[in-house]
Amino acid sequence: MRRHLLTWTLVAAATLAAAPTSAASAPVRPHCPRLAGDWYGDNRARLQQVIDAYGTCAGDPGRTHPVAAFDWDNTITKNDITDATISWALRHDELLRPARWKDTSAWLTDAADQALTRACGAGTPVPLRTSDNARCTDEILEIRENARTMSGAPAFAGTWNHRRTVPQYAWVPQLFAGRTPAELSSYAAAARREALASPIGATRTLGTHTIPAYARYYDQQRALIRTLRRAGFDVYIVSAGSEPVTEVWSRAVGIDAAHTIAIRSVLDRHGRITTWNQGCGDVPATRGAAIPYIDGKRCWINQEVYGIHGAAAWEKQPAARRPVVAGGDADTDVTFVGDATGAHLVVNRDKAELMCRAYDDADGRWVVNPMFIEPLPRRPEPYPCSTTAYNAPDGSHTPLLRDDGSVVPDQADTVY
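So, in structure tokens, the structure goes:
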């Protein structure tokens, strides 16, 4: 497994601990790289203050490189690059038929196994003819999108930690079992070219499913990443997608494979993808129990960026061992975005737990921006923060609590 380690000295820790407690208190440093782009309200200025306060351009020779970390799908790009890759693979017959669909996921139900077998077949690992088999395409997409079969039966069942994984996310790289990472990268590259060439708003119909046919890099986020890197930040991507897919897209914003963290498949002795994923913290390799998802994103950052291993990788770390800037758009990002010490950047996609944290703004460092392309309308009713916003490990939805144990009150949607 790759290790992306930063050595944090006592001098660096002391320096970061002494950094301004509020971005608003940071002095203006005109020699630091300047963030450009059209941002909501005063968001650009607030982000610039954090860059000025924490970046190596601040002129402190004892300071090590601060860290910034971002989700990918719908945070750096508009639309989901994993879905674009699946779409391309389905239309070009690049998925291999498994011997048994049940073997593709630890949680796949008998109903899903039977539905996939009826629609797609099973047996020898030959390419599935999904390009002209709408029933097979429909079953795969419905399970990926909604965790159910086309007949409405649950596709996954059993026990898992709902803050560490979600079976239909883990299932995506498992669908590519038998292919090599290089092959999966080539599918992602073809899908990327196609999605970037399609006009904004374009859709595509696969079976009975209508999905976005386009994707775009957000210019504002590209500018932010570029500015952070020029200011001395080490910038990472942490995604719940498949790592070979994410790497294809992240390199275009100057982020290499060593700084791209996503679901990492275990390879067989021939270098082919298996249905097993690498583990995090004290969780070993499994069929998807610990992916970069909600608390899993914290674990993977702690492990791969800061070299924290074992059970401690799941725990919130001291400020010197947390990202300064973190950004995301969904509940899957809420833990690591909340860990940031300088700015919690949120792209508003109407996700309850994340937006409750953002609008509650307990530390005054939450920066909320509408989607840069096709923003959502205002949510008509308040977010149910006080009742059901928290995604509990057992899958239930409970009141969202602050660090002091108080309940976050319901929040109105004000940035859209």
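All residue numbers in the sequence shown are consecutive under the numbering used here, ending with 491.
Don't be surprised by glycine CBs; every beta carbon is placed ideally from N, CA and C.
Item to check | Euclidean distance between Cα positions of Val125 and Ala222 | outcome: 40 angstroms
Checklist entry - With a Cβ-Cβ cutoff of 7 angstroms, do Ala111 and Ala298 count as a contact? => result yes
Checklist entry - In chain order, what residues of the same chain lie with their CB nearer than 6 angstroms to the CB of Lys57, ignoring the 5 residues before and after it? => result Limits of the chain in this structure are 76 at one end and 491 at the other, which puts residue 57 out of reach.
Checklist entry - Around the Cβ of His284, are there at least 16 other Cβ atoms within 10 angstroms (buried) or fewer (exposed)? => result buried
Checklist entry - Considering Ile376, what are the terminal residues of the alpha helix (DSSP H) in which it resides? => result It spans 370-379 - the alpha helix (DSSP H) in which Ile376 sits, taken as one unbroken run.
Item to check | Outcome for Pro367 when other beta-carbon atoms lying within 10 angstroms are tallied against a minimum of 16 | outcome: buried
Item to check | Separation of Arg347 from Ala230, as counted between CA atoms | outcome: 26 angstroms
Next on the checklist: Using a Cβ-Cβ distance cut-off of 7 angstroms, determine whether Tyr262 contacts chain C.
Outcome noted: Checking the listed chains, one finds no chain C in this structure; it contains a single protein chain.
Next on the checklist: Please classify Ser97 as buried or exposed, where buried requires at least 16 neighbouring CB atoms within 10 angstroms.
Outcome noted: Reliability of the predicted coordinates at Ser97 is poor, the pLDDT of 44 falling under 50, and the value obtained from them is presented with this limitation in mind. Ser97 is exposed by the Cβ-count criterion.
Next on the checklist: If you reduce the DSSP assignment to three classes, tell me which class Ala264 lands in.
Outcome noted: helix
Checklist entry - In or out: Thr280 buried (at least 16 other Cβ within 10 Å) or exposed? => result Around the Cβ of Thr280, a 10 Å sphere holds fewer than 16 other Cβ atoms; the residue is exposed.
Next on the checklist: Residues in the same chain with beta-carbon distance under 8 angstroms from Gly276, minus the five sequence neighbours each way, listed in chain order, please.
Outcome noted: Counting only Cβ-Cβ distances below 8 angstroms, and skipping sequence neighbours, we find Tyr289, Glu449.
Item to check | For Gly403, the residue or residues it bridges with in DSSP | outcome: Val421
Checklist entry - Three-state secondary structure (DSSP) at Ala290? => result Of the three classes helix, strand and coil, the one that applies to Ala290 here is coil, per DSSP.
Next on the checklist: Based on DSSP bridge pairs, tell me the residues matched to Trp441.
Outcome noted: His419
Checklist entry - Can you list the beta strand (DSSP E) stretches of 3 or more residues lying completely in the segment 433-491, in chain order? => result Secondary structure remark: continuous beta strand (DSSP E) runs of at least 3 residues inside the segment 433-491, in chain order: 441-445.
Item to check | Cβ shell of Gln353 (< 7 angstroms), same chain only, five flanking positions each side left out | outcome: Met76, Arg339, Val341, Ala360
Item to check | Length-filtered (4 minimum) alpha helix (DSSP H) runs lying within the segment 295-330 | outcome: 318-325
Next on the checklist: Which of the three DSSP states is assigned to Val161 in this structure?
Outcome noted: A quick correction: the sequence has Ile, not Val, at residue 161. Ile161: helix per DSSP, three-state reduction.
Item to check | DSSP three-state assignment for Lys153, whether helix, strand or coil | outcome: strand
Item to check | Start and end residues, alpha helix (DSSP H) containing Leu171 | outcome: Segment: none, Leu171 is in no alpha helix (DSSP H) and carries neither H nor E.
Item to check | Residue of Leu429, Arg424, Asn423 minimising C-alpha distance to Ala411 | outcome: The question names Ala, but residue 411 is Phe in the sequence shown. It is Leu429 whose Cα lies nearest to the Cα of Phe411.
Next on the checklist: With DSSP as the reference, identify every bridge partner of Phe231, one or two as the case may be.
Outcome noted: Leu183
Checklist entry - From Pro108, His106, Cys107, Asp117, pick the residue whose C-alpha is nearest to that of Val490; which is it? => result Answer by Cα proximity: Asp117.
Next on the checklist: Is it buried or exposed, Val201, if we count other Cβ atoms within 10 angstroms and call 16 or more buried?
Outcome noted: exposed
Next on the checklist: I'd like to check one pair, Pro173 with Ser260: are the Cβ atoms closer than 7 angstroms?
Outcome noted: no
Checklist entry - Rounded C-beta distance between Thr205 and Leu165? I'm assuming under 8 angstroms. => result So it is a contact: roughly 4 angstroms between Cβ atoms.
Checklist entry - Does the beta-carbon distance from Arg304 to Val310 come in below 7 angstroms? => result yes
Checklist entry - By a C-beta neighbour count over all protein chains shown, 10 Å radius and 16 as the cutoff for buried, is Ser511 buried or exposed? => result Since the first residue of the chain shown is 76 and the last is 491, residue 511 is not available in this structure.
Checklist entry - Measuring CA to CA, which of Asp113, Ala418, His334 is closest to Asp438? => result Ala418
Checklist entry - Pro445 to Tyr262, Cα distance in whole Å? => result 31 angstroms
Next on the checklist: Whole angstroms are fine: how far does the CA of Ala387 sit from the CA of Trp246?
Outcome noted: 27 angstroms
Item to check | Short Cβ contact (7 angstroms threshold) for Thr416 with Ala433 | outcome: Result no, Cβ atoms of Thr416 and Ala433 do not sit closer than 7 angstroms.
Item to check | Helix, strand or coil at His284 according to DSSP, with G and I counted as helix | outcome: strand
Item to check | Cβ neighbours of Thr473 in the same chain (closer than 6 angstroms, five flanking residues each side left out) | outcome: Excluding residues up to 5 positions away in sequence, Tyr465, Ala467 lie with their Cβ nearer than 6 angstroms to the Cβ of Thr473 in the same chain.
Next on the checklist: Once DSSP output is grouped into helix, strand and coil, what is the label at Asp148?
Outcome noted: Asp148 carries a strand assignment under DSSP once its states are collapsed to helix, strand and coil.
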